[in-house]
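In our numbering, the protein residues as written are 297 to 434. First up is the structure itself, then whatever we jot down about it.
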Ligand SMILES: [Zn+2]
Ligand SMILES: [Zn+2]
């Protein structure tokens, strides 16, 4: 597929000293490796639509090693999300870039959502579909 250039490359990959891991953002499903909640930019390979999600879970190991999104393997290195109402039919998206969630001033562990206005669509999220719901509300 055609390469997709994202202009956020400068701040998307933090330098090593800036890498922080917040325990409350780590998710480890039974029998699998740990995932780390991040802010991801997604693209559909079929219709080229893009979206972002604050419920993007990438392999913690890959995050720590700053593996570029293009080298991540679907379903193994991250939970996939489907393209919403894809005009090309059923299509699973891929991550084009990821970065850490912004920290709020407050210490609240829940205040890590950069965009609370857009609800998470569980029906498009593989993690939710496997029963590991990202949000409590439906
Ligand atoms: Zn699509
Ligand atoms: Zn989800």
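No residue lacks a Cβ here, since even glycine has one placed at the ideal position from N, Cα and C.
Counting only runs of at least 3 residues, the stretch 313-341 fully encloses the following beta strand (DSSP E) elements, listed from N- to C-terminal order: 331-339. When the alpha-carbon of residue 377 is set against those of 414, 358, 349, 356, the nearest one is in 349. Taking one beta carbon from each stretch, the stretch 319-328 and the stretch 357-371 have fewer than 3 pairs nearer than 8 Å; the two do not touch. In the structure shown, the three-state DSSP call for residue 387 is coil. Cβ-Cβ distances below 8 Å link residue 329 to 355, 356, 357 in the same chain, with the five nearest sequence neighbours on each side left out; the list follows chain order.
Residues with their Cβ less than 6 Å from any non-hydrogen atom of ligand 1, running along the chain, are 340, 342, 343, 345, 379, 382, 384, 387. Boundaries of the alpha helix (DSSP H) harbouring residue 359: 356-360, taken from the DSSP string. Of the residues 351, 374, 388, the one whose Cα lies closest to the Cα of residue 342 is 388. Rounded to whole angstroms, the separation of the alpha carbons of residue 345 and residue 384 is 11 Å. Taking C-alpha positions only, residue 333 is separated from residue 347 by approximately 16 Å.
If you look at residue 367, you'll find it isn't in any alpha helix (DSSP H); DSSP assigns it neither H nor E.
Residue list for ligand 2: 351, 416, 418, 421, 423, 424, 430 (CB closer than 6 Å to any heavy atom, chain order). Between residue 423 and the set 331, 335, 367, the nearest pair of CA atoms involves 331. As the crow flies, the alpha-carbon of residue 418 is around 8 Å from that of residue 430.
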